[in-house]
Each structure stands twice: as structure tokens, then as C-alpha cells.
Amino acid sequence: MVTTVERPLPSVGSVCRTRAGVELKEFFRQRESVVFTLMFPVILLLVFGAVLDYDLGSGVSFTQYFMAGVIAAGILGASLQNMAINIATERSDGTLKGLAGTPMPKAAYFVGKVVQVFAVTLAIIVILLAIGALFYGVDLPSGSDWITFVWVAGLGSAACTLLGIAVSSLARNGRSASATVTPIALVLQFISGVFFQFSQVPTWLQTVAALFPLKWMAQGLRSVFLPDALAAQEPAGSWELGRVALVLGIWCVVGLVLCVRTFRWQDRIDR
Amino acid sequence: MSPVDPDAAISVRGLVKRYGDRNAVDGLDLDIGRGEIFALLGPNGAGKTTTVEVLEGYRERDGGEVRVLGVDPARGGRRWKADLGIVLQSGAGDSQLTCLELLRAQAAYYPEPRDPAEVLELVGLSEKAGARGRTLSGGQRRRLDVALGIVGRPRLLFLDEPTTGFDPEARRQFWSLIRSLRDLGTTMLLTTHYLDEAEELADRVGVIAHGRLVEVAVPSELGGRGQAPAVVHWTEDGVRRTAETATPTAFVAELAARFPSEVPDLAVARPTLEDVYLRMIGEPRE
Numbered sequence: 001m002v003t004t005v006e007r008p009l010p011s012v013g014s015v016c017r018t019r020a021g022v023e024l025k026e027f028f029r030q031r032e033s034v035v036f037t038l039m040f041p042v043i044l045l046l047v048f049g050a051v052l053d054y055d056l057g058s059g060v061s062f063t064q065y066f067m068a069g070v071i072a073a074g075i076l077g078a079s080l081q082n083m084a085i086n087i088a089t090e091r092s093d094g095t096l097k098g099l100a101g102t103p104m105p106k107a108a109y110f111v112g113k114v115v116q117v118f119a120v121t122l123a124i125i126v127i128l129l130a131i132g133a134l135f136y137g138v139d140l141p142s143g144s145d146w147i148t149f150v151w152v153a154g155l156g157s158a159a160c161t162l163l164g165i166a167v168s169s170l171a172r173n174g175r176s177a178s179a180t181v182t183p184i185a186l187v188l189q190f191i192s193g194v195f196f197q198f199s200q201v202p203t204w205l206q207t208v209a210a211l212f213p214l215k216w217m218a219q220g221l222r223s224v225f226l227p228d229a230l231a232a233q234e235p236a237g238s239w240e241l242g243r244v245a246l247v248l249g250i251w252c253v254v255g256l257v258l259c260v261r262t263f264r265w266q267d268r269i270d271r
Numbered sequence: 272m273s274p275v276d277p278d279a280a281i282s283v284r285g286l287v288k289r290y291g292d293r294n295a296v297d298g299l300d301l302d303i304g305r306g307e308i309f310a311l312l313g314p315n316g317a318g319k320t321t322t323v324e325v326l327e328g329y330r331e332r333d334g335g336e337v338r339v340l341g342v343d344p345a346r347g348g349r350r351w352k353a354d355l356g357i358v359l360q361s362g363a364g365d366s367q368l369t370c371l372e373l374l375r376a377q378a379a380y381y382p383e384p385r386d387p388a389e390v391l392e393l394v395g396l397s398e399k400a401g402a403r404g405r406t407l408s409g410g411q412r413r414r415l416d417v418a419l420g421i422v423g424r425p426r427l428l429f430l431d432e433p434t435t436g437f438d439p440e441a442r443r444q445f446w447s448l449i450r451s452l453r454d455l456g457t458t459m460l461l462t463t464h465y466l467d468e469a470e471e472l473a474d475r476v477g478v479i480a481h482g483r484l485v486e487v488a489v490p491s492e493l494g495g496r497g498q499a500p501a502v503v504h505w506t507e508d509g510v511r512r513t514a515e516t517a518t519p520t521a522f523v524a525e526l527a528a529r530f531p532s533e534v535p536d537l538a539v540a541r542p543t544l545e546d547v548y549l550r551m552i553g554e555p556r557e
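Taken in order, these protein sequences are the chains called A and B. According to the numbering used here, the first sequence is numbered sequentially starting from 1. According to the numbering used here, the second sequence is numbered sequentially starting from 272.
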């Protein structure tokens with residue numbers, strides 16, 4: 001009797017590494033995504049830094065305030081907008097369906113996406129910090145502020161990545177995802193204290209903004225970039241870091257549940 | 272009918288797939304042996320792609336028994352998928368990766384992949400190894416799809432309309448690729464709109480209409496083609512003449528005796544695969 005020895009399947013770890021490489025190449029080689037996702041916050045910083053150079057009091061420049069907002073917007077772009085558009089495109093052009101027909105472990109696909117989001121987010125933050133420090137005299141965080149920076153950025157990024165993956169399933173294709181998500185992101189940026197001080201946003205819009213993660217990311221990051229004296233200008237009169245963690249954590253759970261319930265590997269079969 | 276055959280490459284009994292209140296596949300039976308090339312023919316909407324996608328594990332069935340390489344596709348895991356190669360009708364999407372990079376990534380999902388460079392050679396894309404997926408022409412892209420389908424060394428390869436958009440020369444090259452895969456023992460299920468392709472490649476063809484397999488036969492005998500009367504054409508006294516005969520050899524010998532030299536405009540034809548196919552799916556088309 002002849003028995004054939006089957007070679008073992010590639011380990012999940014090795015396939016994850018392959019997917020990570022694929023995702024990094026797909027992102028950084030595509031001019032549109034690099035310009036749209038990576039350079040957009042940089043251009044915002046350059047423009048706003050040059051135009052809005054006023055003092056917020058306590059010797060803090062608007063650029064210092066804007067740094068927190070533009071990093072939060074950058075995280076939103078790298079995670080929510082990027083994932084929603086990217087995955088919707090891959091679903092409508094058949095990439096996802098093709099992968100679903102291979103023995104690739106499904107988790108490896110998501111690991112690859114997370115690596116892509118992480119790399120892009122890190123690149124955005126490093127570039128923004130470098131430009132801010134070199135050209136606009138932005139004070140970099142110090143000491144324990146870095147810890148706050150890391151957990152706010154990490155938790156916000158996780159929540160927005162999960163939401164982006166969930167939103168991708170609602171869109172018909174990449175183009176419609178882009179047309180839906182981009183204006184929503186822009187509105188959120190306006191009402192969440194990215195482009196101007198959150199205290200100047202009308203109260204009812206502040207309430208709307210408080211439902212979404214961007215406001216909380218920006219607020220958490222302000223605690224990193226601004227002196228504690230300015231916490232008095234926040235709606236609650238403090239940075240509310242506990243609430244930042246809570247809201248972002250809730251969005252992670254909501255995003256995860258939506259992903260699990262809505263994720264599809266192929267277009268809807270509408271026959 | 273006998274129960275599903277777990278040793279066949281593909282075995283299907285009474286497959287039903289419903290969309291709304293319509294049975295897109297309506298009690299389909301099929302057996303494909305290991306090493307066989309089987310072509311599934313049928314008009315759009317007959318249930319071809321639905322059937323194939325149930326076999327590939329993409330769609331859940333509403334009834335019937337299915338075994339693909341001995342496994343129920345609804346429960347097929349990674350190990351099962353490692354033995355399949357799937358070339359979808361839609362093909363792969365735009366990519367920023369080069370052909371070679373795409374094949375290397377794909378190969379990394381399989382336990383015993385072929386060498387990506389050799390696969391590119393096999394599909395005639397060696398010169399495009401360094402070209403990004405999105406810069407390829409339609410025919411090159413299709414060949415890349417096939418390369419991605421075979422790099423995992425599948426035992427069973429699904430080809431859903433693989434040569435759509437090929438020029439005649441590219442199609443002939445593709446056919447020789449398929450024959451070399453057959454020589455390596457790969458079983459293939461091919462769906463196509465090109466009857467010459469089915470006739471050229473397939474060991475057997477099955478015609479699907481209204482969600483059922485209406486006939487399965489070797490291409491030369493489909494629809495009783497082998498026994499169908501031959502049609503003889505010739506010109507006599509300036510008039511084009513036609514006769515149907517079951518004994519064309521005797522008929523032509525008789526004709527030859529009537530003419531001093533060549534029989535003018537002599538032609539002997541059997542119904543083509545297309546003739547019998549159109550008759551089989553024969554529904555008034557609007």
C-alpha cells in the first residue's frame with residue numbers, strides 16, 4: 001500500500017508575513033493612496049501652519065494646537081478612510097474572492113491590513129512631528145506624554161481600522177466608498193476640533209462630534225501636545241482621558257461586531 | 272442514480288440552488304473522473320457559473336450532495352483548498368505588484384507550490400515578470416490569472432471562461448498549456464462559450480440548460496453527432512445540390528462515377544458541435 005506524505009500547510013505566521021509585504025507594496029507603490037492618505041495631512045499642516053499662526057494664550061501657538069488635530073485626522077485617514085476604500089475596491093474587483101479561493105488563512109488578510117495601517121500611521125506621525133518641530137517650532141511631547149500619545153493613537157487607530165473594514169462592506173465598490181467616506185471624514189474633521197479650536201464649535205455640533213471617535217482622538221492628543229493649563233478650555237474643563245479611553249474602546253467593540261457580522265469576501269450575489 | 276462517488280474528482284447528485292423562487296440549478300447530476308478535462312457548456316443564465324461556484328465552495332447549495340476531491344465544499348478547509356486551483360471569470364484585480372511578486376505571494380499560501388518563474392514561463396509571461404499587474408493587456412492578464420491558478424500545483428483546476436478576450440494565437444498557446452497540465456495529471460473543469468475550445472480540449476462535454484445537465488458525451492458524439500446523417504453538397508448541371516445520407520462514402524463513390532473527373536464543388540459535412548449544441552439548448556431566442 002502506498003501512502004503519500006502530505007507536506008504541511010504553510011504556517012499562519014509565514015502567510016501573515018507574506019500578506020504584510022503585499023499590503024505595504026500595494027500601498028506605497030500607488031501614487032493616489034500615498035498622496036491622498038499620507039501627504040494630505042502633511043499639506044494641511046504646511047498650509048495651516050503658514051496661514052494660522054496666532055497665539056492661543058499661555059504662549060501656545062495655534063500650530064501647537066493643530067498638531068494634535070492633524071495627527072488625529074491623519075490616523076483617521078490611514079485607518080478608517082483607507083480601509084473603507086481599499087477593501088471595497090478589493091471586493092468589487094475580485095481580489096478578495098480570489099484570495100478566498102486559496103488556502104490563505106483568512107486571519108492573514110486582516111493581519112496584512114493592520115500592518116499596512118500601522119506603517120502608514122507611523123509614517124504620517126513621524127513626518128508631521130518632524131515638520132512641526134523643524135519648521136513651526138512645535139514642542140514635541142516629553143516624558144509620560146509619550147505613553148498617552150501611544151495609547152490614544154493605538155486605540156483610536158484600532159477603532160477606526162475596525163470601522164473602516166465594517167464600512168467597506170456597505171459600499172458597492174471602491175469609488176462609491178470613497179465618495180461616501182471622504183465627505184463624512186471632512187465633516188467630522190470640521191466639527192471635531194481639527195481645523196480650529198473645539199471650543200469654537202457650536203455646542204450642538206460638539207455633541208454630534210462626541211458620538212464619533214475623531215473628537216476623542218484629537219482631545220486625547222491635545223493632552224499630549226498642549227500644556228495642562230489649556231485643559232480648562234475643553235468642554236469638560238479637563239482632558240477627560242478616562243472618557244477618551246472608554247469611547248474609543250466602545251468603538252473598537254462596535255467596529256469588531258460590525259466587521260464580524262457584515263464582512264463579505266465577494267460582491268453581493270444579486271440574482 | 273448511484274450515490275456520490277468519493278473517489279471521483281467531482282461527484283454531484285441532485286444539486287439545487289435557488290435564487291428567490293427560481294431554481295438556478297435544478298437537480299443536477301455530474302461525475303468527473305480524476306485526470307479528466309470536462310467542459311461545461313450552456314447559455315448564460317443556464318446555471319453554469321452557479322454550479323461551478325458551489326463546487327469551488329463560494330456558494331452554499333440548497334439541496335443535493337456534492338463531493339469535490341472527496342470533500343463536501345461547504346465544509347472544505349485549507350487542506351482541501353490547497354488541492355484546488357481556481358481561475359475566476361472576473362479574474363484578479365488591479366495590483367501594484369509585479370507578475371513575479373504576485374505569483375510568489377500566491378505560492379506562499381500553498382504547501383507544495385510550483386516555482387513562480389517556471390509558471391510564468393509556462394503561461395508565456397516571462398518577459399512580463401517585472402511588469403506590474405495593472406499594466407498588462409487583457410490577454411496577458413488572463414494568462415496571469417491562469418498562472419495564479421496553477422502555481423499552487425492543484426490536483427483539480429477550475430477554469431471559468433479562461434480565454435475570453437484572447438486573440439486566436441493566444442488561444443492556441445493557451446490550449447497547449449492546458450494539454451501540458453493534463454499530461455501532468457491535473458483534472459480540469461472548464462466552462463466556455465467557445466465550442467471549438469471545448470472540442471479541442473475536453474475529454475467529455477456536458478451541456479447545461481435550465482439548471483440541469485441535458486447531456487454528457489465525448490465531443491464527437493454529443494447529441495448523436497456520430498450517427499447523424501452526413502450532408503453532401505455538389506454542383507450538377509449548374510445547380511447547387513444537397514443530399515443527406517447515412518452512407519456518405521458510398522454516396523460519393525456513386526457521384527464520382529457519374530462525373531468524368533472531379534465532382535464540382537464537392538463537400539461532405541457532419542453537423543458541427545455548434546449545430547448540435549444550438550439544437551440541444553434549442554429555445555426560441557428573442
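Each residue gets a CB set at the ideal place from its N, CA and C atoms; glycine is no exception. Here the structure is a predicted model, which is why all the values come from computation and not from measurement.
For residue i, which of the options has the nearest alpha-carbon?
i, options, result
"A/Ala-245", "A/Leu-230, A/Phe-62 and A/Ala-158", "A/Ala-158"
"A/Ser-61", "A/Val-138, A/Asn-82, A/Ala-108 and A/Arg-31", "A/Val-138"
"B/Trp-505", "B/Ala-480, B/Asp-343 and B/Ala-540", "B/Ala-540"
"A/Ala-231", "A/Arg-7, A/Tyr-65, A/Val-12 and A/Thr-18", "A/Tyr-65"
"A/Leu-186", "A/Pro-41, A/Val-15, A/Ala-171 and A/Cys-16", "A/Pro-41"
"A/Phe-225", "A/Ala-123, A/Phe-149 and A/Ser-168", "A/Phe-149"
"B/Thr-369", "B/Ser-397, B/Gln-498 and B/Ala-310", "B/Ser-397"
"B/Leu-455", "B/Gly-291, B/Asn-294, B/Ala-279 and B/Arg-305", "B/Arg-305"
"A/Ile-250", "A/Arg-7, A/Gly-156 and A/Gly-101", "A/Gly-156"
"B/Val-503", "B/Ala-388, B/Val-534, B/Asn-315 and B/Ser-447", "B/Val-534"
"B/Asp-546", "B/Pro-384, B/Arg-284 and B/Gly-497", "B/Gly-497"
"B/Lys-352", "B/Pro-531, B/Leu-526 and B/Pro-382", "B/Pro-382"
"B/Lys-319", "B/Gly-423, B/Leu-359, B/Glu-507 and B/Phe-445", "B/Leu-359"
"B/Gly-285", "B/Pro-277, B/Gly-291, B/Ser-273 and B/Arg-293", "B/Ser-273"
"B/Arg-511", "B/Ala-538, B/Leu-393, B/Gly-409 and B/Lys-288", "B/Ala-538"
"B/Asp-508", "B/Pro-519, B/Asp-536, B/Ala-524 and B/Ser-491", "B/Asp-536"
"A/Arg-29", "B/Ser-366, B/Pro-531, B/Pro-500 and B/Arg-330", "B/Ser-366"
"A/Leu-170", "A/Met-83, A/Asp-145 and A/Ala-210", "A/Met-83"
"A/Leu-162", "A/Ala-68, A/Phe-48, A/Cys-252 and A/Phe-27", "A/Cys-252"
In chain B, what lies closer than 8 Å to residue i by C-beta?
i, result
"A/Gly-101", "Glu-327, Gly-328, Tyr-329, Lys-352, Leu-355, Ile-357 and Leu-359"
"A/Arg-7", "Pro-382 and Glu-383"
"A/Glu-240", "What A/Glu-240 touches in chain B: nothing, since even the nearest Cβ is about 42 Å away."
So which residues on chain B does residue i lean against when the C-beta distance must stay under 7 Å?
i, result
"A/Gly-94", "Leu-359, Ser-361, Gly-362, Ala-363 and Gly-364"
"A/Val-15", "Ala-379 and Tyr-380"
"A/Thr-18", "Ala-376 and Ala-379"
Alpha carbon to alpha carbon, how far is residue j from residue i? Give it in angstroms, no decimals.
i, j, result
"A/Ile-43", "B/Asp-354", "49 Å"
"B/Pro-439", "A/Gly-94", "26 Å"
"B/Ala-418", "A/Phe-212", "45 Å"
"B/Leu-427", "B/Gly-356", "6 Å"
"B/Ser-361", "B/Ile-449", "20 Å"
"A/Arg-222", "A/Leu-128", "15 Å"
"B/Leu-371", "A/Val-201", "52 Å"
"B/Leu-544", "B/Ala-527", "29 Å"
"B/Glu-557", "B/Asn-315", "Confidence at B/Glu-557 is low in this model, with a pLDDT of 35, below 50, so the placement of that residue is unreliable and no value is reported for it."
"A/Phe-135", "B/Ala-376", "42 Å"
"A/Arg-271", "B/Tyr-290", "Summary for A/Arg-271: the model assigns pLDDT 44, below 50, so the residue's position carries little reliability; its value from the coordinates is reported in the next sentence. Computed Cα separation, rounded: 6 Å."
"B/Gly-341", "A/Arg-17", "32 Å"
"B/Leu-415", "B/Asp-300", "32 Å"
"B/Val-325", "B/Ser-408", "30 Å"
"A/Val-114", "B/Asp-431", "33 Å"
Are residue i and residue j close, meaning C-beta to C-beta below 8 Å?
i, j, result
"B/Thr-220", "B/Ala-280", "Absent from the structure is residue 220 of chain B, since the part of chain B shown begins at 272 and ends at 557."
"B/Val-296", "B/Glu-336", "no"
"A/Lys-215", "A/Gly-242", "no"
"A/Arg-172", "A/Ala-108", "no"
"A/Cys-259", "A/Ile-184", "no"
"A/Ser-11", "A/Ile-85", "no"
"B/Ile-552", "B/Gly-313", "yes"
"A/Pro-235", "A/Ser-58", "no"
"B/Arg-385", "B/Val-339", "no"
Kindly list, in the order they appear in chain A, the residues whose Cβ is closer than 7 Å to that of residue i.
i, result
"B/Gln-411", "Residues of chain A passing the Cβ test: none, with the nearest at roughly 17 Å."
"B/Gln-367", "Lys-25, Glu-26, Arg-29 and Gln-30"
Name the chain A residues whose beta carbon is nearer than 9 Å to that of residue i?
i, result
"B/Glu-372", "Gly-21, Val-22 and Lys-25"
Consider the Cβ of residue i: report whether some Cβ of chain C lies at a distance smaller than 8 Å.
i, result
"A/Gln-233", "Absent from the structure is chain C; the protein chains it does hold are A and B."
Please list, in chain order, the residues of the stretch 133-145 of chain A that have any C-beta partner in chain B closer than 9 Å. Per Cβ criterion, the list is empty.
What residues in the stretch 284-313 of chain B have a beta carbon less than 9 Å from any beta carbon of chain A? Those residues of the stretch 284-313 of chain B that come within reach of chain A (Cβ to Cβ, closer than 9 Å) are Tyr-290, Gly-291, Arg-293 and Ala-295.
Listed from N- to C-terminal order along the chain, which residues in the stretch 21-46 of chain A have their beta-carbon within a distance smaller than 7 Å of any beta-carbon of chain B? Listed by position along the chain: Val-22, Lys-25, Glu-26, Arg-29 and Gln-30.
Counting only Cβ-Cβ distances shorter than 9 Å, please list the residues of the stretch 104-130 of chain A near chain B, keeping chain order. Contact annotation: in the stretch 104-130 of chain A, residues whose CB is within less than 9 Å of a CB in chain B are Met-104, Pro-105 and Ala-108.
What residues in the stretch 65-98 of chain A bring their beta carbon closer than 7 Å to a beta carbon of chain B? Residues Glu-90, Asp-93, Gly-94, Thr-95, Lys-97 and Gly-98.
Identify each residue in the stretch 188-202 of chain A for which the Cβ-Cβ distance to at least one residue of chain B is less than 8 Å, and report them in chain order. Flagged: no residues at all.
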